[in-house]
Amino acid sequence: MNLNHEEVVKELLEAGVHFGHLTRKWNPAMAPYIFMERNGIHIIDLYKSVQKLEQAGEALKKLVSGGKKILFVATKKQAKEAVTALATELNMPYITERWPGGMLTNFVTIRKAVKKMANIDRMKADGTFDTLSKRERLQVERLRAKLEKNLGSIAEMTRLPAALFVVDINREHIAVSEAHKLNIPVFAIVDTNTNPYEVDFPIPGNDDSSKSIAKILEYIRTYMLEGLNERKSDKDKGATEKVAKKASKMAVSDED
Numbered sequence: 260m261n262l263n264h265e266e267v268v269k270e271l272l273e274a275g276v277h278f279g280h281l282t283r284k285w286n287p288a289m290a291p292y293i294f295m296e297r298n299g300i301h302i303i304d305l306y307k308s309v310q311k312l313e314q315a316g317e318a319l320k321k322l323v324s325g326g327k328k329i330l331f332v333a334t335k336k337q338a339k340e341a342v343t344a345l346a347t348e349l350n351m352p353y354i355t356e357r358w359p360g361g362m363l364t365n366f367v368t369i370r371k372a373v374k375k376m377a378n379i380d381r382m383k384a385d386g387t388f389d390t391l392s393k394r395e396r397l398q399v400e401r402l403r404a405k406l407e408k409n410l411g412s413i414a415e416m417t418r419l420p421a422a423l424f425v426v427d428i429n430r431e432h433i434a435v436s437e438a439h440k441l442n443i444p445v446f447a448i449v450d451t452n453t454n455p456y457e458v459d460f461p462i463p464g465n466d467d468s469s470k471s472i473a474k475i476l477e478y479i480r481t482y483m484l485e486g487l488n489e490r491k492s493d494k495d496k497g498a499t500e501k502v503a504k505k506a507s508k509m510a511v512s513d514e515d
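Position 159 (the sequence shown) corresponds to 418 in this note's numbering; numbering is contiguous.
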């Protein structure tokens, strides 16, 4: 996917992606991505944002075309809705509530908690739940609700993700740190108060505005959909070739 840089810059500008933080709150590591200062606020160089968006998009496209899962992490209110909608559409895991400590570094324990949630659902399905006392049912319901809130969005994630996509790496520093320990690459929107060198694929942009976040995710969605479609196409092609090969073998067998 080749982006028209001029058009994308215009769209990012309209979405306010260029607005950084107050100059006194800046992280000097973001200097290469800052265009200027205006009224005490740093303005992000959107041409560099587009370049980084392209790099990140192509890398994500490659991962998902290979069947990999990307874990989206965004617990700030401005990002929750857009991230939930995107991850759900792409069938990717996501965390939009509090980050569960050890989510990556202690994944076995997290999986046990997810299984506990599945066991409760099984109890309800087979009638075991109805045999419990009223107090026990209430306790189980509360536990199920708590697990669903914190882990429901990763219930289908049976193995560690191939990468993380993070909104606000300062807020999600624990998630970023855990990813580093396991050599899991991190994609992220980086504002002027962050250190872009803490992630593998930084996308300079305003991470405090829901409009800005949604616009960046819109492009990420396009890249990832391309990757998913490529994977589907390859699968369909493989299935067709398999059927053709089987038919060919049957034809040879009939001739014998």
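Glycine residues also receive a C-beta, built at the ideal position from the N, C-alpha and C atoms.
This one's a predicted model, so the numbers in the text were calculated from it and none came from an experiment.
Query: Strand pairing of Phe460, partner residues [DSSP]; Result: Phe446
Query: N-terminal and C-terminal residue of the alpha helix (DSSP H) that Val435 is part of; Result: His432 to Lys440
Query: Cutoff 7 Å; reference Ala372; Cβ partners in own chain excluding five residues on either side; Result: Leu406 and Leu410
Query: Buried versus exposed call for Gln398 [16 or more other C-beta atoms within 10 Å across all chains shown]; Result: exposed
Query: Length of the line joining the Cα atoms of Ala344 and Tyr306; Result: 27 Å
Query: Inter-residue Cα distance where the pair is Phe460 and Ala422; Result: 10 Å
Query: Simplified DSSP assignment, three categories, for Ile208; Result: This structure leaves residue 208 out entirely; the chain is present only between 260 and 515.
Query: Separation of Thr355 from Leu476, as counted between CA atoms; Result: 15 Å
Query: Range covered by the alpha helix (DSSP H) that runs through Phe366; Result: Phe366 to Asp385
Query: Cα-Cα separation, Lys311 to Arg490; Result: 24 Å
Query: Close-in-space but distant-in-sequence residues of the same chain around Ile369 (CB under 8 Å, 5 per side omitted); Result: Pro359, Gly361, Met362, Leu410 and Ile413
Query: Rounded C-alpha distance that separates Asn261 from Ala404; Result: 44 Å
Query: Per-residue burial, Asn263 [other beta carbons within 10 Å of its own, 16 or more giving buried]; Result: exposed
Query: Endpoints, the alpha helix (DSSP H) within which Val323 is located; Result: Leu305 to Ser324
Query: Stretch pair the region 438 to 453 + the region 465 to 482: three plus CB contacts closer than 8 Å; Result: yes
Query: Straight-line Cα distance separating Val267 from Pro287; Result: 26 Å
Query: Proximity test, Cβ basis, 7 Å: Ile303 and chain B; Result: Looking for chain B here will not work: only one protein chain is present.
Query: Neighbour-count burial assignment, Ser492, 16 or more Cβ in a 10 Å radius; Result: exposed
Query: Rounded separation between Ile329 and Val425 - CA only; Result: 10 Å
Query: Cα-Cα separation between Asn465 and Arg381, rounded to whole angstroms; Result: 44 Å
Query: Rounded separation between Leu441 and Lys336 - CA only; Result: 28 Å
Query: Rounded C-alpha distance that separates Asn488 from Leu271; Result: 26 Å
Query: Val276 in three-state terms, based on DSSP; Result: coil
Query: Length of the line joining the Cα atoms of Ser518 and Val367; Result: Here the chain covers residues 260 to 515 and nothing more, so residue 518 does not appear.
Query: Supposed close pair Ile479, Gly316 - CB separation, criterion 8 Å; Result: 6 Å
Query: Spatial distance of Pro291 from Ala341 (CA atoms); Result: 28 Å
Query: Separation of Met351 from Phe388, as counted between CA atoms; Result: 31 Å
Query: Identified DSSP bridge partners for Tyr353; Result: Phe331
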